[in-house]
Amino acid sequence: MERAELLGRQWAERVRREAPYGGVTGLLALLGSSVRLEPWENSFGACFPLPDGSHVLKIPDDEDRRFLAIPHEAAEALYFVGLGQCLRFESVPCWRLQLAREEGFCNAFARAFLDAAYSEWPP
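For the record, in the sequence shown the residue sitting at position 38 is 451 according to the working numbering, with numbers rising by one throughout.
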């Protein structure tokens, strides 16, 4: 099992044990004040790190996209600091490689989290 998948399943288990709610809502409850959700018009999500260590998660307005974007962007907040985007804005040649690594990890995390969190749905 890949590391991202392992971490996604571990977070799903942690949500099951510790959060007052299950699934995506429970993940947000555990992350607490370290993340702030903001809606936006795009069909994809984004994660913006703030100087205080918290993150703003920009989440699509569409309900289905929102459900998929939250665990992906939560993985960005948990495991990355926006390095890929910083390199991109600074035109550093390796930005595509770093961004691809981050996106691939977050996609695998989100798939594993959703699969594990909702495998016994309804709770």
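No residue lacks a Cβ here, since even glycine has one placed at the ideal position from N, Cα and C. The structure presented is a predicted model; accordingly, all values stated were derived computationally and were not measured.
Would you give the residue range spanned by the alpha helix (DSSP H) that residue i belongs to?
i           : result
residue 510 : 508 to 530
residue 425 : 416 to 431
residue 495 : Per DSSP, residue 495 belongs to no alpha helix (DSSP H) and is neither H nor E.
residue 437 : 436 to 444
Name the DSSP beta bridge partners of residue i, please?
i           : result
residue 453 : 473
residue 461 : 469
residue 448 : 468
My assumption, with CB atoms under 8 Å, is that residue i sits in contact with residue j. Please give the rounded CB distance.
i           : j           : result
residue 526 : residue 492 : Not a contact, Cβ separation roughly 12 Å.
residue 458 : residue 482 : 3 Å
residue 530 : residue 435 : 7 Å
residue 437 : residue 480 : 6 Å
Ignore the nearest five residues each way along the sequence and tell me which others in residue i's own chain have a CB closer than 6 Å to its CB.
i           : result
residue 460 : 468, 470, 486, 489 and 490
residue 512 : 497
Excluding the 5 residues preceding and the 5 following residue i in the sequence, name in chain order all residues of the same chain whose CB lies nearer than 8 Å to its CB.
i           : result
residue 433 : 439 and 442
residue 449 : 467, 468, 469 and 470
So, at 7 Å on beta carbons, what are the nonlocal neighbours of residue i in its own chain, with the 5 sequence-adjacent residues on each side left out?
i           : result
residue 462 : 468, 494 and 495
residue 415 : 521
residue 452 : 472 and 474
Check residue i in the structure and name its three-state DSSP category.
i           : result
residue 489 : helix
Does the Cβ of residue i lie closer than 6 Å to at least one heavy atom of the ligand COA?
i           : result
residue 433 : Within the structure as shown, the ligand COA is missing, as the structure has no ligands at all.
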